[in-house]
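Novice:
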Amino acid sequence: MDHVPAFVRRNAIDLNTWFKQNTQKAQPEKPKRERKPRKPKAADLVTEPVQSPAPRALRPGSLDQLIAPFDPEVALAS
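The working numbering puts the first residue of the sequence shown at 212, with every later residue one more than the last.
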């Protein structure tokens with residue numbers, strides 16, 4: 212099996228010549244602009260210490276106190 216395309220063989224095209232005529236060197240990329248660091252705002256300079264919330268204490272208790280009573284008549288009415 213020949214690795215040259217049939218179109219090239221049939222029309223007697225010289226691929227080396229075609230390649231030289233239809234290719235060009237890639238242009239070097241422009242360097243990207245250098246990013247400057249952002250200046251801090253005046254409000255950011257004066258920061259108050261953040262108070263952490265008080266930790267929640269787990270209290271043992273009955274689940275009946277946590278779960279509201281279920282009334283089927285009220286639930287079906289709405």
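Note that the Cβ used here is the ideal one computed from N, Cα and C, for glycine as well.
What is the C-beta distance between D213 and R220, in whole angstroms, given that I count them as a contact (C-beta under 8 Å)?
Specialist: Along the sequence shown, one-based indexing puts residue 213 at 2. Along the sequence shown, one-based indexing puts residue 220 at 9. Right, the Cβ-Cβ distance comes to about 7 Å (below 8 Å), so this counts as a contact.
Novice: Can you name, in chain order, every residue of its own chain whose Cβ lies under 7 Å from the Cβ of A268, other than the five neighbours on each side?
Specialist: For the purposes of this step, residue 268 is taken as the residue at position 57 of the sequence shown. Taken in chain order, the list of residues that qualify is empty.
Novice: Could you check the C-alpha separation between N233 and R246 for me, to the nearest Å?
Specialist: By one-based count along the sequence shown, residue 233 stands at place 22. By one-based count along the sequence shown, residue 246 stands at place 35. If I take the Cα positions, the gap works out to 38 Å.
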